[in-house]
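K.L.:
Residue numbers (mature numbering (1 follows the signal peptide of the UniProt record, and there is no 0)): -16 to -1, 1 to 114.
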């Protein structure tokens, strides 16, 4: 019985580490990723053109970044957004020189805002399709 309890705890913690792309808010109070174009460069690094939609309300509440993470939630790249985009929605910004391990075929791109952090819809990007 003790072994079963230990195994149960171990397996639940292993599966809990996987990032959950199905839990998010569709409210525009959270930054939403609407499109991603991923391009591999000859150097082996990647460029991500990411479109974000958010109810930017000036400096008090705006989308302030997006990131590329692996399926476990480890950050691979980050793009800081330096100002609000009140009158430009959705908007697209790129980030290059993101190193993705060759054996990795999928990544997640998610955006954040300066008030609520992450929590909007992320996008799973299949790198083998690019």
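Using N, Cα and C, we set each Cβ at its ideal position, and we do this for glycine too.
1) Could you compute how far the alpha carbon of residue 82 sits from the alpha carbon of residue 68?
2) Just how far apart, CA to CA, sit residue 100 and residue 106?
3) Could you check the C-alpha separation between residue 72 and residue 26 for me, to the nearest Å?
4) State the beta-bridge partners of residue 35 as determined by DSSP.
5) Output the boundary residues of the beta strand (DSSP E) element that contains residue 56.
6) Quick one: measure Cβ to Cβ for residue 89 and residue 32, integer angstroms, because I've assumed they're closer than 8 Å.
7) Compare the Cα-Cα distances from residue 96 to each of 85, 110, 35 and report the closest residue.
8) Taking 8 Å as the cut-off, decide whether the C-beta atoms of residue 3 and residue 61 are in contact.
9) Does the distance from the CB of residue 93 to the CB of residue 17 come in under 8 Å?
10) Does the Cβ of residue 30 have 16 or more other Cβ atoms within 10 Å, making it buried, or fewer, making it exposed?
11) From the DSSP output, read off the bridge partner residues of residue 49.
12) Closer than 8 Å by C-beta to residue 20: which residues in its own chain qualify, once you throw out the five before and the five after it? Chain order, please.
P.N.:
With the given structure in hand:
1) 24 Å
2) 15 Å
3) 32 Å
4) 19, 76
5) Here residue 56 belongs to no beta strand (DSSP E), and DSSP marks it neither H nor E.
6) At roughly 15 Å, the Cβ-Cβ gap does not stay under 8 Å, so residue 89 and residue 32 are not in contact.
7) 35
8) no
9) yes
10) buried
11) 64, 96
12) 32, 33, 34, 35, 93, 107, 109
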